[in-house]
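Participant: Questions regarding the structure given below will be posed in turn.
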Amino acid sequence: MPEVVSNTSPLIHLAKIGQLNLLHELFGEIAIPRAVYEECIIEGEEREEIATIKNADWLHTYDVTDKNLVTVLHSELDKGESEAIALALEKSADLIKFGFSPF
């Protein structure tokens, strides 16, 4: 399976339509940065689909180590997107998910 990092949008939108497991079926384990976890679980706690994301044991949260890269990216992107890109680079990921395409 490829090494995959996800942003917030695919997680929330797939969970909303009851299809979050598609990510797991296509890619196995998915890495998310701490900012994506916070955007999904903490900031989105009032959403009913959040439990699906929170209980997905195949989603793994990581702290990004390159804070300088995150700072530079955050000047143009939100924090979750910035950390997702930084984490993908740190993990030499094969794919980073920002949208809905399976590829």
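Residue numbering for the sequence shown follows this note's numbering, starting at 599 and increasing by one per position. Quick reminder that beta carbons are idealized off the backbone N, C-alpha and C, glycines included.
#1: Between which two residues does the beta strand (DSSP E) harbouring Ser604 extend?
#2: Compute the Euclidean distance between the alpha carbons of Glu681 and Thr650, then round it to the nearest angstrom.
#3: Taking the C-alpha atoms as reference points, what is the distance between Cys638 and Met599?
#4: Give me the Cα-Cα distance between Leu624 and Asp655, rounded to the nearest whole angstrom.
#5: According to DSSP, is Ala654 helix, strand or coil?
#6: Taking 6 Å as the limit between beta carbons, can you name the residues of its chain near Glu679, skipping five residues before and five after?
#7: Is the number of C-beta pairs between the stretch 653-671 and the stretch 682-690 that are closer than 8 Å three or more?
#8: From His672 to Phe696, what distance separates their C-alpha atoms?
#9: What's the gap between the Cα of Asn653 and the Cα of Glu601?
#10: Beta carbon of Val603, beta carbon of Ala629: below 7 Å?
Facilitator: Put simply:
#1: From DSSP, the beta strand (DSSP E) with Ser604 extends over 602-604.
#2: Going from the Cα of Glu681 to the Cα of Thr650 covers about 22 Å.
#3: Between Cys638 and Met599, the alpha-carbon positions lie close to 24 Å from each other.
#4: Each residue's Cα considered, the two are about 15 Å apart.
#5: Looking at Ala654 - three-state DSSP - the assignment turns out to be coil, as it is neither helix nor strand.
#6: Result list for Glu679: Asn605, in chain order.
#7: Taking 8 Å as the limit for Cβ pairs, the verdict is that the stretch 682-690 does touch the stretch 653-671.
#8: Looking at the two C-alpha atoms, the distance is approximately 16 Å.
#9: Taking the straight line joining both Cα atoms gives about 20 Å.
#10: Yes, these two residues count as a Cβ contact at 7 Å.
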